Amino acid sequence: MSRYMFGHFGRWMSRLRLGIVGFAALFSFMVSPALAQQEPARVYSFTLKGWFGKDVSETPMAQALDEARQLEADYIIITVDTDWHQFGDPLKSDLPEDIIGQFDQFFRTKKMIPLFQERMLSWERKPKVVFWVKQAMGGAAFLPFMSDTMYFHPDGKIGGIQGIFLMFGGQGDRVVVEKQISLRLTTAQGVAIQNGYDPRLIEAMTRGDYVLSYRLVGGRPVYLERMPQGPDEFLLTNDAFLAGNKDSIEELARGRGVNWLTLKADNAQVLGVSKGTVSTMDDLLFELGIARNHVMVGDGDKIMDEWSATLRRTEQTLSRLLKEFNEINVQGEWNERRRARGRQQALLQQMIGLLNRYEEAIIPWQINGFVRAGSAQQVISAFRLMLQRIQLQQLADER
Amino acid sequence: MMRFSTNLVSRLACAMVVFVAVQCAMALDRVTLNDGRVIDGEIVRELNGAVWLKTADGQTQFFPASNIVRIERDVDTGPQTPASPGVTDPAPVAAEPRQRTEPQRRAVSPGAPRAAVLSFGDADNDMDMVGTYLTAQSLRECIPLLEEENVDIVVLRVNSGGGALLEIRRISDLLHNEFKPKFRTVAWIDYAISAAAMTPHALSEQYFMRRGAYGASTGWYGALQAVAGRGLEEVLYLMELISERGGHDPRIMRAMQIMEPLSVDLDENGRVRAMYQNTEGEVVINKPERVLTLTSQTAQAIGFATGIADTLDELAKAMGLTEVEWVGEHVEGISWPVSKADRHLRRFREQTARDEQSINEYYEGYTVAVELARQAQPENRGKFIGFARQRLNSMVRMINNNPNLALFIFGGSEEEFRAWVREQEELLRSLMR
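These protein sequences, in sequence, are chains A and B. Count along the first sequence from 1, add 2, and you get the number used in our numbering. Count along the second sequence from 1, add 821, and you get the number used in our numbering.
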């Protein structure tokens, strides 16, 4: 009897449950899409392209993030597709000169971190920041680690920061070189740690003498700081400095080098760094679960493009102003000399103004006419000295 | 009889007081946290391993289960030996106990404690060199400003890539002798490299941001030449003394200064059981032939990090503050309120940066103007001397703001600089005659 009652009651409970589930399904069918239609996810996106440190710089990034904040974005999708090298493909040959020092561009990334961390603390609506990696090599390699969510393009790559040993040009005492490497490596690792990535991956991308393997346990990587010891263990990097370990040109050409780690779509996903591989923005939105329920807001790419265009114009203007300055001859009557000096001063002031405004992204030696120039700050100091000299020359010039 | 009764009552009362006192002293609960702190009090509530502990100051603190290593009930609260992670076997220099009891002492004062964050360098704006932008003098000038704002807790937010050896001792002395007696002084590590790790090493409480880096304290000069010989031994010894001030095992700093390995054995709770200046420990923190820089993870593993915090709220929680008033005004772009003392440090750094950028102008302007004055007829000298005096005054203002620049820029002491200024003033006067 009790069993019957229990069964009877159970059937009723079962029917009730079915009813509740059915009602919930109906409710969700009727109400959720309506709610979703009313509040689609607001997606703000922009692409970091061009040269890291110039086109990719703090100011335009801050402007884009400010716009995303104003537009109350739920998602900020940042595509990383930066230029990396000017000569040859460093992955397929020895390191060319122009990328050896690129690890130190990490310090530019370090200046960008507060934009994604501290500054976002005060945002009323905290967005999900997603990096989509196409090419993040050299200085740009650290950018995707500023978020806990990154996806890869099928051709996506992160790496190209292996020049750290060569940066110091073989000079100095070993302990000081090790200090320099340690502080750089660990600071970069801190960014990875902050966003949930294993810091050993940064070391594998950086130090040629670092050996790293892994095996998968429950689909997750367990890292081993040694060579593989069984068929279930896989090598990521060997000790490049041991005799016979140097990647051959055949391996490099096929992207199979193991002296340094380059994260690609496949290994990044296996290692849990990448959440997935997507070919298009639509695929990415689908992976994020918002393909049919989102609205793109703002125009981050416009901000980036305008910054790059303004930078090019500024470089051209600086070149022209310097040419004009060099062409001024201080001669003739006292009034003519005074006018010429006045013109010189005006041109110097103009150049100082431009250099101050775009100091973060101006590389003077790349500007036509600024041969052997140092940093923007050094050029500003030199121009200010010239201003003072002109002022003193005018003071000493008798009518 | 009555008298006897009264005596008895009063004796009983005395006995009760003594008993209660003994109860207070002898039968409290003790919670050991995985950051090394040991907190005594009365457990007033427990839930799924988490506890609410009422401490001697009457405040109730919450500790999540994940932070608790051990709970002891009715423990003897005689002289407490605080757990000192990282110092678990005899160290070359006897380390003083960590000053973990300060939070309770501070919290006794009525009202919530008042805390101020001081920016200890600003690497993001290239104003972070110890000795230039981080000086004992500018920090000392903060003390009256902190007192003016009734600050109890000072948080040094470290963001510096290092600097000059000469300032390490001065800042360490200042923190140890002047800050610590007045304020609960803690370090909040973002980027503490080289001298910027060596200076706050005098503090026992080190809270790390998740991205924090701390170490790489090798002394060097010129073209990456290492400080060696007697000079090196002196710096190693200095850091042994400073490690002692902070209650840190000196082997940690040694591995940051020279290429010496560091490893630890951990107990079942993940706390350091033994530390070695070799690779014999179960967990190798610093490999041979490497210089140590701690991440937040390794700092936690060896018990060096007191806690991990990315935000002010997380920091307050890690510091065991149930409530705290962060002193200062909101400033756009800065993630903590800017107190008067912090504003002072910011102004100091900005002025130093302006002076550094202008020093060539000051000096060249002065020397060229003096030369032009010499060459000019006496009646025409005034304008050049005026110009020279203006530049000389700029240099004097620069050294008034930051006396260390006398050494870094002119290569002499402040006194030598002032003597040179007196000579120049005399020269200008003579040219005017």
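Note that CB positions come from ideal geometry on N, CA and C, so glycine has one too. Predicted, not measured: the structure shown is a model, and the values here were computed from it.
Pairwise C-alpha distance: residue j and residue i
i: E361/A; j: H1165/B; result: 26 Å
i: T953/B; j: A944/B; result: 12 Å
i: Q1172/B; j: P230/A; result: 56 Å
i: A190/A; j: I204/A; result: 7 Å
i: K1204/B; j: L397/A; result: 8 Å
i: V179/A; j: R935/B; result: 43 Å
i: G1340/B; j: V975/B; result: Absent from the model: residue 1340/B. The displayed extent of chain B is 822 to 1254, so no value can be given.
i: E253/A; j: N269/A; result: 17 Å
i: W1157/B; j: A1126/B; result: 21 Å
i: K159/A; j: T264/A; result: 7 Å
i: A958/B; j: L996/B; result: Looking at the sequence provided, one finds Gln at residue 958/B rather than Ala. Q958/B and L996/B: Cα-Cα distance of roughly 12 Å.
i: E1200/B; j: Q351/A; result: 32 Å
i: Q1116/B; j: A138/A; result: With the sequence shown as reference, residue 1116/B is identified as Thr, and Gln is not the correct amino acid for it. Each residue's alpha carbon lies about 24 Å from the other.
i: G1043/B; j: Q1196/B; result: 40 Å
i: W1241/B; j: R391/A; result: 24 Å
i: F941/B; j: R258/A; result: 45 Å
i: T1278/B; j: G984/B; result: No information on residue 1278/B is available, as it lies outside the stretch 822 to 1254 that chain B covers here.
i: V193/A; j: I382/A; result: 33 Å
Contacts of residue i in chain A (Cβ-Cβ under 7 Å)
i: L1045/B; result: F170, Q173, G174, D175, V178 and V179
Contacts of residue i in chain A (Cβ-Cβ under 9 Å)
i: G1154/B; result: P116, E120 and R121
i: S1117/B; result: G192, I195 and Q196
Nonlocal neighbours in the same chain, by C-beta distance under 8 Å from residue i, ignoring five residues either side
i: L117/A; result: E60, M63, A64 and L67
i: N261/A; result: Q164, G210, T239, N240, A242, N247, K248 and D249
i: P913/B; result: Confidence at P913/B is low in this model, with a pLDDT of 33, below 50, so the placement of that residue is unreliable and no value is reported for it.
i: E1244/B; result: none
i: E1237/B; result: A1227 and F1231
i: I1220/B; result: L1226, A1227, E1235, F1238 and R1239
i: D303/A; result: S47, F48 and T49
Own chain, CB closer than 6 Å to residue i, minus 5 neighbours either side, in chain order
i: S1174/B; result: A small correction: the amino acid at residue 1174/B is Ala; Ser does not occupy that position in the sequence shown. M948.
i: V1152/B; result: V1159
i: N370/A; result: S321
i: A1190/B; result: F1205, F1208 and A1209
i: D57/A; result: S310
Residues of its chain near residue i, where Cβ-Cβ distance is below 7 Å and the 5 sequence neighbours each way are ignored
i: L349/A; result: L323, E326 and F327
i: F31/A; result: Model confidence at F31/A stands at a pLDDT of 42, short of 50, so the residue's coordinates are unreliable; what they give is reported in the following sentence. Nothing meets the Cβ criterion.
i: R222/A; result: G274
i: Q182/A; result: F170
i: S215/A; result: L226, R228, M229, P230, E235, F236, L237 and L238
i: P156/A; result: A267, T279 and S281
heavy atom of the ligand NAP below 7 Å from residue i C-beta
i: Q164/A; result: Looking at this structure, you won't find the ligand NAP or any other ligand, since it has none at all.
Residue i: contacting residues in chain B (beta-carbon distance under 8 Å)
i: S184/A; result: G1036, A1037, R1111, V1112, L1113 and T1114
i: P201/A; result: T1116 and Q1118
i: T188/A; result: A1034, G1036, A1037, T1114, L1115 and T1116
i: L214/A; result: Those within 8 Å of L214/A in chain B number zero; the least Cβ separation is about 13 Å.
i: L244/A; result: The premise fails here: L244/A is roughly 15 Å from chain B at the closest Cβ pair, so nothing lies under 8 Å.
i: Q2/A; result: Given a span of 3 to 401 for chain A in the structure shown, any question on residue 2/A remains unanswerable.
Cross-chain neighbours of residue i in chain B, by beta carbon under 7 Å
i: A143/A; result: Those do not exist, as A143/A stays about 16 Å from chain B at its closest Cβ, beyond 7 Å.
i: A398/A; result: L1193
Residue(s) in a DSSP beta bridge with residue i
i: F154/A; result: V135/A and T279/A
i: F48/A; result: I80/A
i: M948/B; result: D943/B
i: T312/A; result: Per DSSP, none; premise fails for T312/A.
i: L265/A; result: I160/A
Neighbour list for residue i in chain B, Cβ cutoff strictly below 9 Å
i: K277/A; result: Chain B residues near K277/A: none, gap ~20 Å exceeds 9 Å.
i: K136/A; result: Those do not exist, as K136/A stays about 25 Å from chain B at its closest Cβ, beyond 9 Å.
Below-8 Å beta-carbon distance, residue i vs any chain E residue
i: L273/A; result: The structure shown contains no chain E; its protein chains are A and B.
task = Closer than 8 Å, Cβ to Cβ, to anything on chain A: give me those residues from the stretch 1201-1232 of chain B, in chain order.
result = K1204, F1205 and F1208
query = Along the stretch 946-958 of chain B, what residues have a CB closer than 7 Å to any CB found in chain A?
reply = none
message = Please list, in chain order, the residues of the stretch 147-161 of chain A that have any C-beta partner in chain B closer than 8 Å.
response = none
request  = Note down, in chain order, all residues in the stretch 1175-1201 of chain B with a beta-carbon under 7 Å from any beta-carbon belonging to chain A.
outcome  = Q1178, N1181, E1182, E1185, G1186, V1189, A1190 and L1193
ask   = Using Cβ-Cβ distances below 8 Å, what residues of the stretch 1121-1149 of chain B are close to chain A?
value = D1131 and T1132
request  = Check each residue of the stretch 1054-1084 of chain B: if its Cβ is closer than 7 Å to any Cβ of chain A, include it; give the result in chain order.
outcome  = I1079 and M1080
task = Identify each residue in the stretch 356-387 of chain A for which the Cβ-Cβ distance to at least one residue of chain B is less than 9 Å, and report them in chain order.
result = Q379, I382, S383, A384, R386 and L387
request  = Quick one: which residues of the stretch 1006-1036 of chain B get their C-beta closer than 8 Å to a C-beta of chain A? List them in chain order.
outcome  = Y1012, I1014, S1015, M1030, R1031, R1032, G1033, A1034 and G1036
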